[in-house]
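In my numbering, the protein residues as written are 3 to 257.
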Ligand SMILES: NC(=O)c1ccc[n+]([C@@H]2O[C@H](COP(=O)([O-])OP(=O)(O)OC[C@H]3O[C@@H](n4cnc5c(N)ncnc54)[C@H](OP(=O)(O)O)[C@@H]3O)[C@@H](O)[C@H]2O)c1
């Protein structure tokens with residue numbers, strides 16, 4: 003823990019914290035002294051392992067199984083976080099692309115589930131944060147970071163345009179909500195990761211995608227998950243206290 007952050011005992015909610023980018027966000031926030039509610043969908047073992055690996059003397063990590071698309075999810079997640087200590091950070095990181103294909107081959111189920119996880123659940127979790135935080139006593143600085151994607155700009159032609167569309171929605175949400183939330187002392191920002199080495203590509207049906215796409219990118223490699231987590235951790239920190247409504251590309255120069 004760096005000394006400027008000693009004594010952070012507020013709780014951060016990180017969705018999709020069991021692996022990939024989310025696990026590195028959990029690790030960095032726990033190391034900064036936050037308690038972390040690690041929200042995941044299915045992988046009990048992975049979530050418990052990440053929670054054990056990331057917990058620190060000052061930052062307790064608790065794994066919480068909850069499908070973020072469930073009707074009751076936003077309330078359950080914020081209640082569980084409050085059991086640790088007052089939540090002050092929400093990182094909407096959980097995401098899925100569906101199987102890679104041109105749009106004409108995508109099923110309704112794929113399109114609906116991708117929009118549900120990436121966009122609708124993010125909107126509903128942001129709404130829960132606003133309901134709980136906007137009239138609360140002035141307390142710790144509050145902040146939301148949405149993990150979006152550079153796909154919102156590139157459009158992901160031939161791969162998953164429905165996912166790109168959902169992430170573009172996340173970025174519009176970020177822009178608008180930042181203006182609504184600022185008078186309440188709540189900052190709202192997003193990051194657009196470029197292609198990052200995680201298991202999301204194998205689940206999309208192309209296990210080598212990160213290496214292949216990364217090799218053709220300006221820096222000649224994909225991002226490592228911790229390179230995305232570093233940006234998220236900065237955005238929620240006091241060092242970014244005047245950063246609001248920003249959508250930060252962490253994409254190695256891909257536009
Ligand atoms: N990797 C990339 O190249 C890349 C690039 C740009 C943007 N991003 C974005 O970065 C974020 C993280 O991606 P990643 O690559 O780290 O993904 P990942 O390795 O596939 O991990 C996804 C995480 O989301 C959770 N999750 C998925 N659906 C869920 C649901 N319905 N309810 C609760 N949790 C759910 C998973 O938990 P369970 O497995 O337990 O369900 C897992 O913890 C996503 O928003 C993604 O769109 C990734």
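Cβ atoms here follow ideal geometry from the backbone N, Cα and C, with glycine treated the same way.
| request: With DSSP collapsed to three states, give me the class of residue 163. | output: For residue 163, the secondary structure class from DSSP, reduced to helix, strand or coil, is helix.
| query | CB residue 11 to CB residue 36, shorter than 9 Å? | reply | Going by C-beta atoms, residue 11 is nearer than 9 Å to residue 36.
| said: Once DSSP output is grouped into helix, strand and coil, what is the label at residue 85? | reply: Note: residue 85 maps to coil in three-state DSSP.
| query | Between residue 32 and residue 237, what straight-line distance do the alpha-carbon atoms span, to the nearest angstrom? | reply | Between the alpha carbons of residue 32 and residue 237 lies a gap of roughly 15 Å.
| task | Kindly examine ligand 1 and report whether one of its heavy atoms sits closer than 8 Å to the Cβ of residue 191. | result | Incorrect: residue 191 has no Cβ contact closer than 8 Å to ligand 1.
| message | Could you compute how far the alpha carbon of residue 228 sits from the alpha carbon of residue 65? | response | Cα-Cα distance, rounded: 20 Å.
| query | Leaving out the 5 sequence neighbours to the left and right, which residues in its chain are closer than 6 Å to residue 70 when beta-carbon positions are compared? | reply | Close CB contacts of residue 70 within its chain, under the 6 Å cut and outside five residues either way in sequence, are with 17, 96 and 123 (chain order).
| task | Take every Cβ of the stretch 111-119, pair it with every Cβ of the stretch 53-62, and state whether three or more of those distances are shorter than 8 Å. | result | Fewer than three pairs of CB atoms, one per stretch, sit closer than 8 Å, so the stretch 111-119 makes no contact with the stretch 53-62.
| Roughly how many angstroms separate the alpha carbons of residue 39 and residue 142, rounded to a whole number? | The C-alpha of residue 142 is placed about 17 Å away from the C-alpha of residue 39.
| query | Is any heavy atom of ligand 1 found at a distance shorter than 8 Å from the C-beta of residue 245? | reply | It does not: the Cβ of residue 245 is nowhere closer than 8 Å to a heavy atom of ligand 1.
| field | Per-residue burial, residue 4 [other beta carbons within 10 Å of its own, 16 or more giving buried] | value | Confidence at residue 4 is low in this model, with a pLDDT of 47, below 50, so the placement of that residue should be treated as unreliable; the coordinate-derived value is given next. The residue is exposed, with fewer than 16 neighbouring Cβ atoms inside 10 Å.
| Within the present structure, is the beta-carbon of residue 219 separated from the nearest heavy atom of ligand 1 by less than 8 Å? | The answer is no for residue 219.
| In chain order, which beta strand (DSSP E) runs of at least 3 residues are fully inside the stretch 91-162? | Within the stretch 91-162, complete beta strand (DSSP E) segments of at least 3 residues are found at 144-149, given in chain order.
| field | Neighbourhood of residue 179 by C-beta distance below 7 Å, restricted to the same chain and skipping five residues each side | value | Same-chain partners within the cutoff: 128 and 190.
| Measuring CA to CA, which of 214, 160, 188 and 234 is closest to residue 144? | Comparing Cα-Cα distances from residue 144 to each of 214, 160, 188 and 234, the minimum goes to 188.
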